[in-house]
Amino acid sequence: MIKAVRGTRDLLPPETALWNFVESAVRDVFRAYNFQEIRTPIFEATELFARGVGEETDIVAKEMYTWEDRGRAESDRGQSLTLRPEATAGIVRAYIEHKMWDRGLNKLYCIGPMFRRERPQKGRYRQFYQVDAEIIGPASAGSDSPARDAELLEMLATLLDRLGIADWTLQLNSVGCPNDRAAFNEALRKALQPAMAKMCADCQRRAVTNPLRVFDCKVPEDQPIIETLPRISQFLDEGCRKHFAAVQEILKAVGVPFVINDRLVRGLDYYTRTAFEFTHGALGAQNAILGGGRYDGLSEALGGPPAPGIGFAIGEDRLVMSLQETAESVLKKPDVYVAPLGAGMNGEAARLARELRRHDLVVDLGDENFRLKKSFETATKAGAKYILIVGENEVKADAFALKNLATGEQISVPRTELARKIVE
Ligand code: HAM
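Numbers given in our numbering equal positions in the sequence shown, counted from 1, plus 30.
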């Protein structure tokens, strides 16, 4: 038997209703903040991620699905392609390719699958889904303002509250700018020098090539050493400190709670200044529902003009998991199961079902070949609230037997009153 590939999974009903619920709430909230949808390809040139996300990150070094794509003709040269491990690099590529700075400030979002070859576990998959949003544009449009950082974070708080996710924590940090980074990296290298030999192989490599990435380490034995390392907060320059203070001030003004976590550096190299994660207690080890931050130099790194930006990605799989408790109210069961009874009744029953569906009722329709007992069993299994019997006598009388499957109460209802009776 052929099974789904390790780390991938099928999303089946009724859970898909939860996904739709999340996506429609997300789209509603985005509309209120004037975000618009963008769709970019799910594979890109490998170089985009190497340059955008960073060679030394776990994502690029270990987790990408990359292949050599052979050209089919001379005009169609082969190249190295990669399934997108994240959406930001592709969106910034599109920003540059379509000269989107002409539009001023772009507020964009996309929803779709991402691919990372991670070790699968609860809440971690090799194909997973993100809801990604980005604010990007020329600085003249205000793209570098702390007001945008705060607006994005307030929007996320609004979204999580609206979805009924109560116990989230916003973890906030500033990872500074290239100015601060040089001094910080230097200090990290120095601090790591004596301890390096005791650390994992990854950290030994990171300590030399990109010491900031040491903070991504999950190896328990390395944590006491990492705890003693200097923090970026001690190295922020005047501009970065002011920016970070302004973000916090607006968050306080709008009443969005946060905690400062100065260990939070995020696992992608493009971040500058504000970096954040929302965590949720019920999720266990993979407790980050979403993450994001500012990437003021990313456009230039990809060959574009200066274009400060900030964004986030929600892990939709994890968001849906943390929603599981409210699932019951979202999963819509049929209002009524229409059961044709006896030969020649399929047409009449279909006519009735059509009328009821026009009244926005959820209607399941049976088959005249089913005996009454089987119709009842099918309706009960589907979780229908009512069963409506459509037999010859009912059609003649133009009134139908409507039975409440929970209470067992049965009444005869004229055709014209059916919809009203069912929603009652
Ligand atoms: P990220 O932190 O790598 O950021 O991913 C964002 C979220 O995607 C995570 O918090 C998590 O919920 C979810 N996620 C990541 N990997 C997996 C996985 N293997 N299985 C399930 N869920 C996963 C980014 O991707 C950035 N592009 C976010 C961003 C946008 N920054 C600025 N703009």
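Idealized CB from N, CA, C, for every residue including glycine.
C-alpha gap between residue i and residue j, whole angstroms
i      : j      : result
Lys455 : Val90  : With the chain represented from 31 up to 454, any question about residue 455 goes unanswered, as that position is not in the structure.
Ile452 : Asp191 : 32 Å
Pro336 : Lys129 : 12 Å
Arg81  : Gly206 : 19 Å
Gly341 : Val295 : 15 Å
Ala379 : Leu448 : 13 Å
Gln223 : Lys137 : 43 Å
Glu67  : Lys282 : 29 Å
Val277 : Glu385 : 54 Å
Ala114 : Asp365 : Per the sequence presented here, residue 114 reads as Arg, with Ala not at that position. In a straight line, the C-alpha of Arg114 is about 41 Å away from that of Asp365.
Arg303 : Arg57  : 27 Å
Thr408 : Leu418 : 13 Å
Ser204 : Lys33  : 44 Å
Glu184 : Val286 : 6 Å
Ser329 : Asp179 : 18 Å
Leu41  : Gly84  : 32 Å
Leu186 : Gly321 : 11 Å
Glu164 : Ser405 : 51 Å
Ala47  : Ser359 : 11 Å
Val352 : Glu104 : It is Ser, not Val, that sits at residue 352 in the sequence shown. So the two alpha carbons sit approximately 50 Å from each other.
Trp49  : Val443 : 37 Å
Asp267 : Tyr301 : 16 Å
Val122 : Arg133 : 14 Å
Glu424 : Ala369 : 12 Å
Glu439 : Arg387 : 23 Å
Arg219 : Tyr63  : 42 Å
Ala427 : Val420 : 11 Å
Asp106 : Met229 : 46 Å
Phe288 : Ile195 : 16 Å
Buried versus exposed call for residue i [16 or more other C-beta atoms within 10 Å across all chains shown]
i      : result
Lys433 : buried
Trp131 : buried
Arg69  : exposed
Asp174 : buried
Asp397 : exposed
Leu382 : buried
Ala275 : exposed
His310 : buried
Asp197 : exposed
Arg61  : exposed
Ile141 : buried
Arg253 : It is worth fixing the name first, because residue 253 is Gln in this sequence and not Arg. Its Cβ having fewer than 16 others within 10 Å, Gln253 is exposed.
Pro208 : exposed
Met94  : buried
First and last residue of the uninterrupted beta strand (DSSP E) at residue i
i      : result
Glu74  : 73-75
Met144 : 136-145
Asn64  : Per DSSP, Asn64 belongs to no beta strand (DSSP E) and is neither H nor E.
Gln201 : 198-204
Leu395 : 393-395
Gln278 : Where Gln278 is concerned, there is no enclosing beta strand (DSSP E), although the alpha helix (DSSP H) it sits in stretches over 268-284.
Leu328 : First-last for Leu328: 328-331, but that is the alpha helix (DSSP H), not the beta strand (DSSP E).
Leu418 : 416-420
Pro444 : 440-444
Backbone secondary structure at residue i - three-state DSSP
i      : result
Ala343 : strand
Gln316 : coil
Tyr159 : strand
Gly321 : strand
Val366 : strand
Leu361 : coil
Phe308 : strand
Lys152 : coil
Val56  : helix
Ile234 : A quick correction: the sequence has Gln, not Ile, at residue 234. Gln234 falls in the helix class under three-state DSSP.
Ile452 : helix
Glu257 : helix
Val244 : helix
Glu164 : strand
Ser457 : Any property of residue 457 remains undetermined from this structure, which presents the chain solely from 31 to 454.
Val425 : helix
Arg384 : helix
Ile195 : coil
Thr302 : strand
Ile32  : coil
Extent of the continuous alpha helix (DSSP H) run through residue i
i      : result
Thr408 : 402-412
Asp191 : 176-192
Asp210 : 208-222
Asn434 : Element bounds for Asn434: not the alpha helix (DSSP H) but the beta strand (DSSP E), 429-434.
Glu251 : Looking at the DSSP string, Glu251 is not in any alpha helix (DSSP H), and its letter there is neither H nor E.
8 Å Cβ cutoff, residue i in contact with chain B
i     : result
Thr76 : No chain B is part of this structure, which consists of one protein chain only.
Legend entry - Completely contained alpha helix (DSSP H) runs for the stretch 82-133, where each covers 4 or more residues: Counting whole runs of 4 or more residues, the stretch 82-133 contains the alpha helix (DSSP H) stretches 88-92, 118-127.
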